[in-house]
Amino acid sequence: MVLNSVWKDNNISRLEISRRTGLSTATVSRLVDSLIQDQLLAERQPIAAPKGRPMKPVYFNGKGHYLIGIDLGTTFIRGVLTNLSFEIIKEIEVVTESHKDPEYVLNKVVQVILNLANTNLVDSGRIIGVGMAVAGIINLNTGIVEYSPAFNWRNIELRNFMESHIPFPVYFDNVSRAMALGEITFGKGPKFDDLICINVGYGIGAGIVIGRKLFYGTDGMAGELGHLPVRGDEQVYCTCGKKNCLTAYASGDAIAQRARIGLQNDKSSILNLIPPEELEAKHVAEAAMKGDPLAITVFTEAMGYLGRAIAGLLNIFNPQAIILGGGVSLNGPIFWDTLKPVIEENVFDHRSTKYHILPASHPGQSAIYGALAMVLQEILNLSLTIRKQGT
Ligand SMILES: [Zn+2]
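For this note's numbering, add 126 to where a residue sits in the sequence shown, where the first one is 1.
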């Protein structure tokens, strides 16, 4: 409670902490002294108070402890070491090789974490914990990744593996929910009570925030927007094995796949210049911006499916904002200019408050900030989540 008060309102007096927490001034003083000793808080020079003794404002000591954030993506494993002021001290990025077995991939994650911690820039004894953002359905109670279509993993004992290989506490969550947590903690989130953060990358997922709290659902599965069944032409399989999921139409992987299919009957598209195995969604977006008809068709169709799904979310949850991140969202104006009209056209229009459609606060790094937010939340007990029992 004391840490939380200082995090929310830096430079606060002990008296004010006592007033806000309801704890006695003696208890607050004892706790503040102990937190100063632990280098989590620090005190400023005394300043004159309106009455009584001069007060010494207490502030959050961002330099005394460290965190590690990991974004375990299907293409790259990205890791950062930061202090509690979230200044990046060290960064590592390695290729995931997600086609290899889970143990191989998790060993790579372990190496990234140990490599981040092994630096003469910090005392590794002051690393508080590791946050991990992972694509998939994760049971937070058991620490098991129950199913991850993106990695093709089932029942991977993530917590056990991590705890037996690294000397720090590990916290993890689904990547889209992590992104939403990052937005509530560091980004645009504080402005909104209800928001939905959508990750449009290799796959598609949503982190749902209701009343400033993350929503998990009964099995921790809430927000699997990518597996929303949509009606389409069934040309591409979803990573889950089905053919009608939104991911099969609008994810980065699907955009590239659908362009490859289109190229079989289109020899005039400039996308023919790219070797098929190297073709990515960003090439399709670039070609569309140059006016390539095939690329325009593929990208516009993808945004059509995504836009209608987002309109559906707006109608169901009535959030103040939809925040979009992930690789596909980094394609600039063509992403926003193609997507927004579809949302506008399909959303229920009898609403008094205009919703916001916004880019993620840390483009390309939303998952990392989410991972860091997980550790911060554990430290501060910010109570941001709605976790049902069993998840
Ligand atoms: Zn699916």
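Just so you know, even glycine gets a beta-carbon here, dropped at the ideal spot from N, CA and C. Just so it is clear, the structure is predicted and the values come from calculations on it, not from any experiment.
One or two residues paired with residue i in a DSSP bridge
i             : result
alanine 259   : Asp197 and Asp299
valine 326    : Ile330
serine 274    : Trp279
glutamate 219 : Arg204
proline 401   : Answer is none; proline 401 lacks a bridge partner.
tyrosine 230  : According to DSSP, tyrosine 230 bridges with nothing at all.
glutamine 447 : According to the sequence displayed, residue 447 carries alanine and not glutamine. Per DSSP, Leu321 and His482.
tyrosine 192  : Asn209 and Ile253
alanine 336   : A small correction: the amino acid at residue 336 is isoleucine; alanine does not occupy that position in the sequence shown. Isoleucine 336 is bridged to Lys339.
cysteine 371  : Pro355
Three-state secondary structure (DSSP) of residue i
i                 : result
serine 211        : coil
methionine 181    : strand
proline 176       : coil
glycine 452       : coil
serine 377        : coil
asparagine 286    : helix
leucine 321       : strand
glutamate 360     : coil
aspartate 135     : coil
glutamate 169     : strand
proline 355       : strand
leucine 266       : coil
tyrosine 342      : coil
phenylalanine 425 : helix
aspartate 235     : Reading the sequence as shown, one finds valine at residue 235 and not aspartate. If DSSP states are grouped into helix, strand and coil, valine 235 belongs with the helices.
phenylalanine 461 : helix
phenylalanine 186 : strand
isoleucine 253    : strand
histidine 409     : helix
leucine 518       : The question about residue 518 has no answer here: the residues shown for the chain are numbered 127 through 517.
proline 293       : coil
leucine 484       : strand
alanine 348       : coil
valine 158        : helix
valine 248        : coil
valine 473        : coil
asparagine 130    : helix
lysine 466        : helix
serine 395        : coil
glutamine 503     : helix
Residue burial classification, residue i (beta-carbon count within 10 angstroms, cutoff 16)
i                 : result
valine 335        : buried
histidine 476     : exposed
leucine 399       : exposed
threonine 311     : buried
glutamine 491     : buried
histidine 191     : buried
proline 419       : exposed
aspartate 164     : exposed
valine 235        : buried
phenylalanine 277 : buried
leucine 394       : For clarity, residue 394 is serine in the given sequence; the question names leucine instead. Label assigned to serine 394: exposed.
asparagine 520    : Outside the displayed range of the chain (127 to 517) lies residue 520, so it cannot be described from this structure.
arginine 513      : The predicted model places arginine 513 with a pLDDT of 41, which falls under 50 and marks its position as unreliable; any figure quoted below should be read in that light. With fewer than 16 Cβ atoms within 10 Å of its Cβ, arginine 513 is classed as exposed.
valine 221        : exposed
isoleucine 214    : exposed
serine 150        : exposed
proline 228       : buried
threonine 208     : buried
isoleucine 322    : buried
Best match in the options for proximity to residue i [C-alpha to C-alpha]
i              : options                           : result
leucine 266    : Lys416, Phe186 and Asp345         : Asp345
glycine 255    : Thr201, Gly451 and Val206         : Val206
isoleucine 449 : Gly313, Ala407, Arg204 and Asn457 : Gly313
tryptophan 279 : Arg285, Ile270 and Asn286         : Ile270
isoleucine 194 : Gly257, Asn130 and Leu372         : Gly257
asparagine 444 : Asp359, Asp320 and Ser302         : Asp320
serine 224     : Asn137, Thr151 and Thr200         : Thr200
glycine 329    : Gly315, Leu498 and Cys364         : Cys364
alanine 380    : Arg146, Glu360, Leu397 and Leu240 : Glu360
isoleucine 469 : Gly453, Leu242, Glu219 and Leu440 : Leu440
valine 260     : Leu502, Gln503 and Tyr495         : Tyr495
tyrosine 431   : Asn130, Ala306 and Thr464         : Thr464
leucine 502    : Val296, Ala414, Gln171 and Val473 : Val296
glutamine 171  : Gly178, Ala374 and Tyr185         : Tyr185
proline 176    : Ile196, Leu141, Thr153 and Tyr230 : Leu141
glutamate 427  : Val356, Asp249 and Tyr230         : Val356
tyrosine 481   : Ser302, Ala306, Ile436 and Val128 : Ile436
isoleucine 483 : Ala493, Leu498, Ala497 and Pro467 : Pro467
threonine 268  : Phe298, Ile387 and Ser377         : Phe298
> Just the residues with CB closer than 7 Å to a heavy atom of ligand 1, in chain order, which are they?
Replying inline: Pro275, Gly352, His353, Cys364, Thr365, Cys366, Lys368, Cys371, Thr373 and Ala374
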